[in-house]
Structures are given as structure tokens and as C-alpha cells.
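Comments concern the structure below.
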Amino acid sequence: MRLFTAIDIPPDIRAALATLVARLRPLAKLTWVPVEKLHITTKFIGEWPEERLDELKRALASVKAPAPVDIVIRGLDRLPRVLYAAVEPNDALTALAAATDQAVGIPAEDRAYWAHITLARTRKRVPRIHFEPAKIGSFRAPSFALYLSAAGKYTKLQEFPLSNS
0 MRLFTAIDIP
10 PDIRAALATL
20 VARLRPLAKL
30 TWVPVEKLHI
40 TTKFIGEWPE
50 ERLDELKRAL
60 ASVKAPAPVD
70 IVIRGLDRLP
80 RVLYAAVEPN
90 DALTALAAAT
100 DQAVGIPAED
110 RAYWAHITLA
120 RTRKRVPRIH
130 FEPAKIGSFR
140 APSFALYLSA
150 AGKYTKLQEF
160 PLSNS
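By numbering that gives the first Met the number 0, the letter at position 104 of the sequence shown is numbered 103, and the numbering carries on one by one without gaps.
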């Protein structure tokens, strides 16, 4: 089972991102992520044995945010092959990602946690797209979820409330 944890995007922010993507789509030939799949990954778990799924769910149920997880999405940015909506750095979100790492019990990545919302991918380089870094939206995350990624689909397996949100 290929798994990850993520914060879901609320409907109003999802709608704002859909409007943004509709404006951007004609500007670049990219593979656009379907709006219903947009999320903020908190931990990519990778392959996990199905027989240990209940153990993982119990571990994730123990994860609590030390403070409200307020998300601010502002502007666009790109990596060589990814176009994304930028999430402002946030201590509570970083702490949530670290607590998830610890609960899951698999090594943390070498790089620092970096929250973002992937909008599109390409095999080539993402072209420069001029976009004013206006605030796209903000929300307080009430929970995070465990997802299964299989055959290009994301299936929510369980949702976990954040006690301080």
C-alpha cells in the first residue's frame, strides 16, 4: 500500500484554486492535477504493509497539533518540473509534520518540511508564468487524513482531528 498523510483543502479554497488553474491552463502545456485531488501533504509514507494498517492508524490518532494549524496560500512558484501554490511557512504545520514523522516511526526526510499544493507537473521544465503573489486564501485545518495512492486515485482511509484547531 502506498500511503501519505495530508491536510484537505476546504471547498472555498478549492474553488479559488480551480479558478486560478482555469486562468493558467492556456499559458502552459502541463499535466494539471484534478482539483478534487489537491491537498497539502504532511508526510509521504510510501509503501506500507497492509497487515500493519491498523497499527499505523492508531499511531496517527495520537498525533495532535501543538497550536492551531492556520494555512495561508499565497501565490505560485515552481520547481523544474512542478508548478505549485505556495503555503506560507508555519510553525504549527511544521510541528504537525514532525509529530507525524515521529508517530509513524520511519526516518524523517533529509530536507526540511516544505508545505505546498501541487497544481501541475511536466516531464520538461515548468515555464515561467507571471502571477502576482496575491493571497489565494486561508483556512484553519480541523484535521489531517491518511490516504491510499493507487492507480492514480487517492482514497481517504481515515481522518484524524487536530485537538487544538
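C-beta atoms are modelled at their ideal positions from N, C-alpha and C, and glycine is treated no differently.
All values reported here derive from a predicted model rather than from experimental measurement.
Do you know how far the Cα of residue j is from the Cα of residue i?
i: Pro106; j: Val34; result: 31 Å
i: Asp76; j: Ile135; result: 13 Å
i: Gly151; j: Lys36; result: 10 Å
i: Arg28; j: Pro9; result: Checking the sequence shown, residue 28 turns out to be Lys, not Arg. Using only the alpha carbons, I get a separation of about 27 Å.
i: Asp7; j: Pro48; result: 24 Å
i: Ser61; j: Arg1; result: 21 Å
i: Ala66; j: Ala91; result: 6 Å
i: Thr203; j: Val71; result: Given that the chain is displayed from residue 0 to residue 164, the structure contains no residue 203 and the question cannot be resolved.
i: His115; j: Asn89; result: 12 Å
i: Ala5; j: Asp53; result: 18 Å
i: His38; j: Thr117; result: 8 Å
Would you mind sorting residue i into buried or exposed? The rule is 16 or more other CB atoms within 10 Å of its CB.
i: Phe3; result: buried
i: Asp109; result: exposed
i: Lys42; result: buried
i: Leu111; result: Note that residue 111 corresponds to Ala in the displayed sequence, not to Leu. Classification of Ala111: exposed, given that the 10 Å Cβ count is below 16.
Per the DSSP calculation, residue i is bridged to which residue(s)?
i: Thr154; result: Leu147
i: Glu46; result: Arg1
Validate contact between the region 65 to 83 and the region 118 to 128 using beta carbons, cut 8 Å, 3 pairs: yes
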